[in-house]
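**Student:** The opening residue of the sequence shown carries number 1 in full-length UniProt numbering; numbering runs sequentially from there. For glycine and all other residues, C-beta sits at the position ideal for the given N, C-alpha and C. Sharing a structure here in structure tokens format.
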Amino acid sequence: QNPNEDTEWNDILRAKGIIPEKPKEKEITEDQIVDLLESTIDKRTGR
């Protein structure tokens, strides 16, 4: 059985500490996206 599969059974096992918590997906904020785009544009335009 895949411990990363999202099932009610795995949720119970996680709650009991039998299998580890699911890794959380990294969140990217809108500001981080804007900063990334601006820095990429600056690099490519030579600013």
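Please list the terminal residues of the continuous alpha helix (DSSP H) segment that includes ARG44.
**Tutor:** As a first step, residue 44 is located in the sequence shown; it is residue number 44 there, counting from the start. Residues 30 to 45.
**Student:** In three-state terms, what does DSSP make of ASP11?
**Tutor:** Position 11 of the sequence shown, counted from the first residue, corresponds to residue 11. DSSP places ASP11 in helix when its eight states are reduced to three.
**Student:** One question on the structure: do PRO23 and ARG14 come within less than 9 Å of each other, judged by their Cβ atoms?
**Tutor:** One-based indexing of the sequence shown puts residue 23 at position 23. One-based indexing of the sequence shown puts residue 14 at position 14. Taking 9 Å as the Cβ cut-off, PRO23 and ARG14 do not qualify as a contacting pair.
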